[in-house]
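Asks:
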Amino acid sequence: MNNREETLIPKIGVITDVRIDTPDIKTFRVVTPDGKKAFDHRPGQCAMLSVPGVGEAMFSITSSPTNEEYMEFSIKKCGCVTDWLHQAEVGQQITIRGPYGKPFPVDDEFAGKNMLFIAGGVGLAPLRSVINYCRHYRDRYGKIDIVYGSRSKDDLLDYKEIIDEWMTDAGVDVHLTIDREQEGWDGHVGFVPNYVKELGFDTDKTAVLCGPPIMIKFTLDGLVSLGFDKTQIYTTLELRMKCGVGKCGRCNVGAKYVCKDGPVFRCDELDELPDEY
Amino acid sequence: MRKCSLDSLNSVFAKIAEAMALYLPVDGSDGRAVFSKWEDGSVLSNALNTVRSPKDFFFPQSEDLMRFKTEGKNIEIIDIRPESEDFAVFGVRACDVKSFDILDRVFLTEPCDSYYASRREHGVIISLACTRPSETCFCQAFGIDPSTPAGDISCFKTDNEMYWQANTEKGEALLKAIESLTEECTDEAVNEQKEKIRAIMKKLPLASLTTNSFGGGKTTELFDRPEWAELSEACLGCGTCTFVCPTCQCYDIKDFNTGNGVIRYRCWDSCMYSEFTRMAHGNNRISQKERFRQRFMHKLVYYPENNDGLFSCVGCGRCLSRCPISMNIVKVMKKLGGESK
Ligand SMILES: Cc1cc2nc3c(=O)[nH]c(=O)nc-3n(C[C@H](O)[C@H](O)[C@H](O)COP(=O)(O)OP(=O)(O)OC[C@H]3O[C@@H](n4cnc5c(N)ncnc54)[C@H](O)[C@@H]3O)c2cc1C
Ligand code: SF4
Ligand code: SF4
Ligand code: FES
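As they're listed, the protein sequences go chains C and P. Residue numbers for the first sequence follow the numbering used here, beginning at 97 and rising by one. Residue numbers for the second sequence follow the numbering used here, beginning at 6 and rising by one.
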């Protein structure tokens with residue numbers, strides 16, 4: 097028997113709760129069979145989940161490390177593994193391995209800063225971990241602004257938590273937007289990048305962006321035009337992954353492997369990489 | 006240093022094979038050399054090198070990683086990793102020996118790949134110095150001296166003798182096992198031969214190839230060079246170059262339903278394939294140009310950037326002789342400025 101540790105061999109995870117967030121996103125709560133968290137993680141890190149016989153896929157751990165009971169994953173239905181998971185019921189076992197990737201520098205560069213979080217669609221998943229971490233250690237951070245947008249009201253992830261918890265926190269401002277007018281919505285209507293420019297934030301903040309590539313691109317341009325320096329802006333990249341540990345050769349951008357050198361990057365670091373993401 | 010006569014080589018191989026599985030290059034039915042398990046009557050090939058590289062022994066084309074049993078909502082994970090048994094690979098050329106330094110830095114870096122690590126620990130590499138380097142060889146561009154290969158044991162073949170030099174503890178142990186069939190000797194004949202080979206190397210057609218234009222930190226300079234379009238134009242994306250390459254290590258992980266459980270296995274993959282990086286929202290390497298560029302930028306820039314300047318090509322020449330459209334790393338290097346005048 098080969099007794100070495102092997103990261104490719106996962107642990108068993110049990111789905112203990114399934115929340116329907118949007119028509120194509122569900123949030124899954126996962127623990128080990130003895131009811132514990134599978135491993136510790138930092139905000140922004142990911143895990144490989146798998147359904148044996150179907151495949152493995154990488155997901156952001158959307159729960160905050162300060163949640164000591166379980167991990168959560170917000171998963172968008174878009175292929176084999178994700179389709180299968182969307183049919184899974186409570187009690188279903190899956191496999192889990194990780195944590196993978198470099199986390200957000202929550203205790204270093206972010207400490208003491210005013211934070212501006214900007215997310216689009218399922219891009220809220222990795223940010224929710226950081227947002228809840230910052231809310232947990234509220235006195236370590238300055239003011240928190242959150243801009244979150246999606247196609248429609250029904251596509252907003254974690255809506256209940258946003259309304260009940262984030263919006264009621266002191267020193268946290270939440271700015272929601274949806275792409276098109278919709279009955280029953282009296283909030284802002286318009287795309288995230290435009291909304292960010294309209295809101296016109298002061299540059300005394302550290303910004304964290306996550307969402308579809310096109311949203312990231314325009315929001316980044318918007319922030320720069322507001323006077324932000326790229327060293328103040330963080331984002332995450334998403335490339336195809338298999339191993340999660342820089343060995344299968346799949347997820348590199350230039351000399352960086354997104355699975356181990358990312359997925360979190362500071363935007364000035366991205367400027368040094370070839371435009372291939 | 007020890008030696009044996011070429012006539013007695015078979016009994017030395019037999020002795021090694023008593024202790025562990027021994028693989029060596031023999032000529033296949035098509036006349037090309039392949040690594041095969043030694044058995045009585047096996048004849049060491051005279052070919053310069055094998056079609057497939059010895060990476061196969063340590064990182065096989067396909068290998069099972071684990072099994073799963075599912076019952077209702079429950080899953081059982083079965084660790085099927087065996088402890089590898091000792092084995093030896095004879096006749097590994099200097100370039101291919103060097104490829105293990107390159108693979109080690111990928112697989113043995115934390116988190117260590119236990120499948121590869123176990124085979125590395127149990128495998129003894131017996132290298133063989135080149136006597137007739139060919140026109141497709143350019144190992145010297147990467148600082149490799151084919152007359153003095155590394156490995157656990159280095160062997161040198163002269164007209165009538167085989168010389169054996171142990172370089173590691175594993176090598177010493179194996180030489181001890183064949184002590185009765187070899188005799189202590191000086192390294193005079195070997196040194197003489199090394200000089201001859203080094204002289205030949207200087208005259209090889211690819212002797213002027215250099216890596217001066219490449220290495221870590223060259224991404225910006227090389228990535229957008231217009232020559233990539235022309236270089237990649239005819240590439241079929243067949244992946245042959247990656248499969249024969251001793252340093253290519255990209256892999257895929259897949260599940261196979263046996264009807265009685267699931268096997269998760271890994272198999273070689275290729276950055277030359279269009280599927281390699283495809284995602285739900287698109288592919289970050291849209292055309293063959295991007296995929297072709299990735300392969301060579303990885304070997305000549307990205308890998309050295311992450312690995313103290315070590316290039317991820319050993320100049321074995323396999324891709325030169327195997328590519329159906331005769332494209333290869335030498336053409337890429339020359340086009341992008343890798344030839345000294
Ligand atoms: C670092 C990281 C974090 C991620 N976090 C989340 C998350 O929190 N929530 C979430 O819903 N998704 C997340 N993803 C995307 C998720 O990994 C893919 O949606 C998933 O791999 C699709 O798997 P599938 O088996 O369902 O699809 P498949 O059946 O494999 O394929 C369906 C389509 O998805 C493509 N695909 C394969 N891998 C990826 C990938 N990595 N990204 C995008 N498309 C892919 C396939 O090529 C195909 O076009 C993340 C990806 C990465 C790399
Ligand atoms: S790129 Fe070609 S010459 Fe270089 S190691 Fe690979 S197969 Fe050999
Ligand atoms: S370079 Fe040649 S061997 Fe490699 S993928 Fe292209 S056509 Fe195939
Ligand atoms: S996922 Fe394998 S190298 Fe990044």
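Glycine is no exception: its CB is placed at the ideal position from the N, C-alpha and C atoms.
In the DSSP assignment, find the alpha helix (DSSP H) that holds TRP180(C) and state where it starts and stops.
Replies: Where TRP180(C) is concerned, the enclosing alpha helix (DSSP H) stretches over 176-183.
Asks: Roughly how many whole angstroms lie between the Cα atoms of CYS240(P) and ILE291(P)?
Replies: Approximately 14 Å, taken between the alpha carbons.
Asks: Run through chain C and tell me which residues come within less than 7 Å of LYS208(P), C-beta to C-beta.
Replies: Residues of chain C passing the Cβ test: none, with the nearest at roughly 36 Å.
Asks: So with Cβ pairs under 8 Å, would you call MET71(P) a contact of chain C?
Replies: Yes, MET71(P) counts as interfacial toward chain C.
Asks: Taking Cβ-Cβ distances shorter than 7 Å, what residues in chain P pair up with GLN189(C)?
Replies: LYS78, ASN79, ILE80, listed in chain order.
Asks: Of the residues that make up the region 242-271 of chain P, which ones have a beta carbon closer than 9 Å to any beta carbon in chain C?
Replies: So the list reads CYS253, GLN254, CYS255, TYR256, ASP257, ILE258, LYS259, ASP260, PHE261, ASN262, GLY266, VAL267, ARG269, ARG271, given in the order they occur along the chain.
Asks: Within the 8 Å Cβ cut-off, does CYS306(C) reach chain P?
Replies: Output row for CYS306(C): interface = no.
Asks: Can you tell me which of the three DSSP states GLY176(P) falls into?
Replies: Correct three-state label for GLY176(P): helix.
Asks: Could you confirm whether any beta carbon from chain C is found closer than 8 Å to the beta carbon of ARG110(P)?
Replies: False, the Cβ-Cβ gap to chain C never drops below 8 Å.
Asks: Hey, does GLY350(C) have any beta-carbon neighbour from chain P nearer than 8 Å?
Replies: Judged by the 8 Å Cβ criterion, GLY350(C) is in contact with chain P.
Asks: If we call anything under 8 Å between Cβ atoms a contact, is VAL218(C) one with TYR166(C)?
Replies: Against a cut-off of 8 Å, the Cβ pair of TYR166(C) and VAL218(C) comes out as no contact.
Asks: Using 8 Å as the limit for Cβ to Cβ distance, is LYS346(P) near chain C?
Replies: Because the pLDDT at LYS346(P) is just 46, under 50, the model does not fix this residue reliably, and the point stays unresolved.
Asks: For a contact defined as C-beta to C-beta under 7 Å, what are the partners of GLU295(P) on chain C?
Replies: Neighbours of GLU295(P) on chain C, chain order: GLU372.
Asks: What is the DSSP secondary structure of PRO309(C), reduced to helix, strand or coil?
Replies: Reduced to three states, the DSSP call for PRO309(C) is helix.
Asks: Hey, could you find the ends of the beta strand (DSSP E) SER246(C) is sitting in?
Replies: Per DSSP, SER246(C) belongs to the beta strand (DSSP E) from 240-246.
Asks: At the level of alpha carbons, what is the spacing between SER67(P) and CYS355(C)?
Replies: So the alpha carbons of these two residues sit roughly 23 Å apart.
Asks: If ILE242(C) sits next to ILE227(C), beta carbons under 8 Å apart, how far is it from one beta carbon to the other, in whole angstroms?
Replies: That belief holds up - the Cβ atoms of ILE242(C) and ILE227(C) are roughly 6 Å apart, short of 8 Å.
Asks: Rounded to a whole number of angstroms, what is the C-alpha to C-alpha distance between GLU90(P) and VAL17(P)?
Replies: Their backbone Cα atoms lie some 20 Å apart in a straight line.
Asks: For PRO116(P), decide whether its Cβ has a neighbour in chain C, counting only Cβ atoms nearer than 8 Å.
Replies: Yes, its Cβ sits closer than 8 Å to a Cβ of chain C.
Asks: Anything in chain C within Cβ reach of ASN289(P), meaning under 7 Å, just list it in chain order.
Replies: Those within 7 Å of ASN289(P) in chain C are LEU335, GLU372, TYR373.
Asks: Would you call LYS346(P) buried or exposed, if buried means 16 or more other Cβ atoms sit within 10 Å of its Cβ?
Replies: Reliability of the predicted coordinates at LYS346(P) is poor, the pLDDT of 46 falling under 50, and the value obtained from them is presented with this limitation in mind. Exposed, since its Cβ has fewer than 16 Cβ neighbours within 10 Å.
Asks: Tell me, please, which residues DSSP counts as bridged to ARG362(C).
Replies: Beta-bridge pairing links ARG362(C) to TYR330(C).
Asks: Return the chain-ordered ranges of every alpha helix (DSSP H) run that is complete within the region 107-168 of chain P and spans a minimum of 4 residues.
Replies: List check, alpha helix (DSSP H) in window: 119-127.
Asks: Tell me whether ASP117(C) counts as near ligand 5, meaning its Cβ is closer than 7 Å to at least one heavy atom of that ligand.
Replies: Among the ligands modelled here, namely ligand 1, ligand 2, ligand 3 and ligand 4, ligand 5 does not occur.
Asks: First and last residue of the alpha helix (DSSP H) that includes ASP357(C)?
Replies: Unbroken alpha helix (DSSP H) run through ASP357(C): 354-357.
Asks: Residues of the region 338-349 of chain C with a CB closer than 9 Å to any CB of chain P: list them in chain order, please.
Replies: Taking 9 Å as the Cβ-Cβ cut-off against chain P, the residues of the region 338-349 of chain C that qualify are LYS338, CYS339, VAL341, GLY342, LYS343, CYS344, GLY345, ARG346, CYS347, ASN348, VAL349.
Asks: Spell out a yes or no on whether the region 141-154 of chain P and the region 34-43 of chain P are touching, meaning 3 or more CB-CB pairs, one atom from each, closer than 8 Å.
Replies: No, the region 141-154 of chain P is not in contact with the region 34-43 of chain P.
Asks: Going by beta carbon distance, what residues of the same chain come within less than 7 Å of GLY342(C), once the five residues before and after it are set aside?
Replies: Closer than 7 Å at the Cβ level, and outside the excluded window around GLY342(C), lie TYR353, CYS355, LYS356.
Asks: So for ILE268(P), helix, strand or coil by DSSP?
Replies: Of the three classes helix, strand and coil, the one that applies to ILE268(P) here is strand, per DSSP.
Asks: Just the Cα atoms here: how many angstroms apart are VAL147(C) and TYR196(C)?
Replies: Approximately 18 Å, taken between the alpha carbons.
Asks: Considering only C-alpha positions, which residue in the set ARG283(P), ALA182(P), VAL337(P) is nearest to ALA93(P)?
Replies: Nearest C-alpha to ALA93(P): ALA182(P).
Asks: Do we get a CB-CB distance below 8 Å when we pair VAL360(C) with the residues of chain P?
Replies: With 8 Å as the cut-off, VAL360(C) does not count as an interface residue toward chain P.
Asks: Going by Cα to Cα distance, which pick from THR331(C), TYR237(C), ARG336(C) is closest to MET284(P)?
Replies: Answer by Cα proximity: ARG336(C).
Asks: Express the C-alpha separation of LEU211(P) and ILE310(C) in angstroms, rounding to a whole number.
Replies: So the two alpha carbons sit approximately 46 Å from each other.
Asks: DSSP beta-bridge partners for TRP273(P)?
Replies: Beta-bridge pairing links TRP273(P) to TYR256(P).
Asks: Cα separation between GLY314(P) and PHE219(P)?
Replies: Their backbone Cα atoms lie some 10 Å apart in a straight line.
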